[in-house]
Structure formats: structure tokens, C-alpha cells
RNA sequence: GGAGAGGUGGCUGAGUGGUUGAAAGCGGCGGUCUUGAAAACCGUUUUCCGGGCAACCGGAACGGGGGUUCGAAUCCCUCCCUCUCCGCCA
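Residue numbers (the numbering used here): 2 to 418.
Okay, here's the thing in C-alpha cells:
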């Protein structure tokens, strides 16, 4: 959630920043008004309540001393009617404010480029040169089926479209990748954690998926539980409602989970192959830091994901997302796009975001900053999406006969020499 | 799934419907003492919101929500969670 106090302190700056992210100017004004209405309602209620508390204390004294209480009781009763009304007004204002505030996205950092969509993203740099082939490189689904690594039809049989099954070397490579990535991240100082794949509503509100994006999530109706769309949700929320000590920061964690997405708005896009699946595996990085450290840690996380791709010998590029492509919770995002020879293009394989205190405010994650409590900064990034890494390996390491070489760093994980 | 017990501050653990935001102990922090440390002693130690430059003032919070009452940690309802026993089970 954005800092509502900024509405009063510096409305101009705040609204300018939010409008860069496409938030309606009118909505921001409305938010400010609601916030002020709530404060007024609160003051009103608290004044009445203070009077009530004072009178109640008197009441106790009267009773002890055996005085006549009928007059006092009449006063107190009258005040109580007002309190009930004031409380109701406050409750409604609170609800209205929350409804708006929880649906307002984070403010982009000042250095995030303006833009409408992914076409306006700005390339930072390319890493490794895309390979050239003396033949026309195939797309991954063809290679996957040719080698018997992935079975798309049987995935559909078991579940529905956009589910797949890995067999043999395909399945083994997947597992090898997960292990390799976790080991790699651990060596970079990220502690491995293993977390639930189902979370409650509160957790998803904390990281920003709810209330706005419920349609994108798989929900277990009987229990009000949701399948996680990314490990970012359970890992970031590990410290929900906590006040961490300063020396416990930064927390740098890595987790492997399955991720589940309805891909509600993606009909017709990437329908073939395993670029866009309802269930996919991902190794995630999550950091919780003091505000002044988050930029450094952000760079570390981007570097970690890029180095991982480099170790896998996968050509890629780093891209700064423009305001229009930035996610709901992110103040800044760098995407890593891997080269896919079959598609002759770069495709997203990792996304690293700094949400600053946006998620921390929602999830109430703070640290003891000397005497006072300060919101932490939270960051997350994929490192990497396993399915898309498989795709990249298949397409970049393919031979003319359709066979696929295995990146050297994975050999130990597969018992190859 | 069945039966029972219970949820109070960083932890352990008291709590009679009325100055109880909450005894006591532990821990933490500050101090006295000490060459230093320990021990002992003294003091201090929850969080959120609103107002104020500040000292401070007001409100809220004893698992969540609701109710009874002038007044609820304390009584009632409901939901959630934890523990013990039984059953089932990777």
C-alpha cells in the first residue's frame, strides 16, 4: 500500500508519480478526500469516547460511595447513542478508504522510464552472444516432443490445457536445474527455505495479489485458501506482522516451489509449448532489507540471476521495465530475457523487483530502527523460471538432428562426464 | 474425523466486571559497585492511530469478529488457532 500520509504532506509529488503508472487523477483526489474524512470521523469518535471513559470512571466512584447515579446514567446513556453513530460512520469511512487504497499500485521510482507497454522497456545490456546455426533452429515444443522430454497431450488429459508432463531426461533436467539454481543462490548468500504452496487471503493481500487480482489465482473454496502464483507470496509473508531486529537484516532467501496461475487474461498467447503454463516450477529469490540497503541488494539479485544464466551458457539481455509494464507492487523492475533461437527473439525468464515499503506496509513487516519501528523494503526475483530455462536450453543447445546438448554446469547433477 | 484442555506483554505466568496496559518471575536496556566481568542493588522496558517542535495529551489493542453493560482480559455467542488422547496416514 502507498503511504497515505504522503497524500497530505506532498499531494503533488504523489499524484504525479501515481499518474505515471496510469492511476486516474480523480481516484487520487478521492483517496485524499476519504483519508481526510476518516481522520475527521476518528477524531469525532475519540472525543466522544474520551468523555464516555471519564464518565464511566466517575460511575465507579459514585457506586463505591453510594451516591445517586440516575442523573449520571442519563448523561452517559445519551452520549452512548452518539458514540454508536460515530463509530458506525468511522467504520464505513475506514472500509471505503481501504477499498480504494488497497487497489492503488505502487509508485514507480523516479529513474523508471515512462512508457505504455513492453515496447517501451529499455535494454540495459546484452550478455553472451546468441549462437548461430548452420541450419534452421527448431522451436522448443518440436524438440521436446522429438526427444520425448515433454508430453503436452497427457498433461491435458490429466488436468486441462496448459498443463504438461515431463518424461525421462526432461524430468531429470528439470530436477537438475532446480538443484543447480538453489545451490548457486545459496553460495550467493541466499538461505534456502521450503514453504507452503497454499496460502490464505491475508498473505496474498500482503504481497499485493489481492484484492485486485483474484481472477488470476486458483482458489480452494472450502477453506479460503489459494495456490501460490509465486514463492514470493509465502516467503515474503514469513515475516508478516513482525518487528525484526536490525541485525537480523538483510534477510536473503531462496525457495523452490511450483507456481499456479490461471492466466486468465492470456487466452491465445503462447498456446503452444511450455512458455505459459498453469503450473510451473520456479526458484525464487526474496530479500527483506533496511531501506538504505535495498538498491544494493536489488543489483545483487539481478546479478545473481544473470550470472546463473551465464553459467548455463544462455545468452540474455537485461531490460528495465517502463512505467506501463511495471507490476502492481513494484517500484522498479529489471527483467532478464533469454535468447530463444527457435523463436528468434528474447523472452522473459526472470523478473527482479524492488517493492520498497509497499508490501511491507501491507504485510506489516518492520524492524527496530534504533528506538522506533520502520518499514522494511522487500524485493523478489525469479532465479529462474525452470520451464522457461528448459525451453532456452532446448533451443540454444539443439543439434541439427534434433538432439540436445546439456550445459556443462549441469553435468554433475545428471551424472554426465 | 471423534473427545477433552487452552489461547494474556520478547518468554513463563497471575488476574475479583470499575484508575489493570495489565501482578510476579525471566530476558533486554541504563546505572551503582568492580581493574574488568559476574553477583547484588536501583531504575527502565508493548504496539498502532490522531494531535503537538517537544514534554505530553487523547483513542485503540489481553487469538479474530460480534453481543450484554454506564464500564469487559474478566459474562454470552461465533469463528480461528494451539496442545493432549483416540482414529487415519506420507
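Positions of the beta carbon are idealized from the N, C-alpha and C atoms, including for glycine.
{"Check": "Span of the alpha helix (DSSP H) holding residue 36?", "Outcome": "26 to 66"}
{"Check": "In the DSSP assignment, find the alpha helix (DSSP H) that holds residue 388 and state where it starts and stops.", "Outcome": "387 to 397"}
{"Check": "Entirely within the stretch 92 to 153 and at least 3 residues each: give me those beta strand (DSSP E) ranges in chain order.", "Outcome": "123 to 128"}
{"Check": "Are the CB atoms of residue 376 and residue 367 nearer to each other than 9 angstroms?", "Outcome": "yes"}
{"Check": "If you follow the alpha helix (DSSP H) that residue 414 is in, where does it begin and where does it stop?", "Outcome": "412 to 415"}
{"Check": "Is residue 22 near residue 135, with beta carbons less than 9 angstroms apart?", "Outcome": "no"}
{"Check": "Can you tell which of 254, 200, 129 and 149 has its C-alpha closest to the C-alpha of residue 190?", "Outcome": "254"}
{"Check": "Taking the beta strand (DSSP E) that residue 278 belongs to, which residues open and close that run?", "Outcome": "Per DSSP, residue 278 belongs to no beta strand (DSSP E) and is neither H nor E."}
{"Check": "Please tell me whether residue 357 and residue 295 are closer than 9 angstroms, where the distance is taken between their beta carbons.", "Outcome": "yes"}
{"Check": "Just the C-alpha distance for residue 387 and residue 117, rounded to the nearest angstrom, thanks.", "Outcome": "29 angstroms"}
{"Check": "Which whole-angstrom value is the C-beta distance of residue 201 and residue 225, which I expect to be below 8 angstroms?", "Outcome": "7 angstroms"}
{"Check": "Do the stretch 110 to 130 and the stretch 330 to 344 meet, that is, are 3 or more Cβ pairs less than 8 angstroms apart?", "Outcome": "yes"}
{"Check": "Could you give the DSSP three-state label for residue 329: helix, strand or coil?", "Outcome": "coil"}
{"Check": "Counting only the same chain and skipping the five closest in sequence on each side, list residues whose C-beta sits under 7 angstroms from that of residue 283.", "Outcome": "231, 232, 258, 260, 383, 386 and 387"}
{"Check": "Can you tell me where the alpha helix (DSSP H) with residue 352 in it begins and where it stops?", "Outcome": "No alpha helix (DSSP H) holds residue 352; the beta strand (DSSP E) holding it covers 346 to 355."}
{"Check": "Tell me which same chain residues have a C-beta within less than 7 angstroms of the C-beta of residue 182, skipping the five on either side of it?", "Outcome": "284, 309, 384 and 385"}
{"Check": "Count the other C-beta atoms from every protein chain shown that fall within 10 angstroms of the C-beta of residue 1, then say buried if there are 16 or more, exposed otherwise.", "Outcome": "Residue 1 is absent from the model: the chain starts at 2 and stops at 418."}
{"Check": "If you run the structure through DSSP and keep just helix, strand and coil, what is residue 2?", "Outcome": "coil"}
{"Check": "On the CB-based measure, 16 or more other CB atoms within 10 Å of its CB, does residue 247 come out buried or exposed?", "Outcome": "exposed"}
{"Check": "Would you decide whether residue 324 is buried or exposed? Buried here means 16 or more other CB atoms lie within 10 Å of its CB.", "Outcome": "buried"}
{"Check": "With distances taken Cα to Cα, identify the nearest neighbour of residue 57 among 147, 365, 75 and 350.", "Outcome": "75"}
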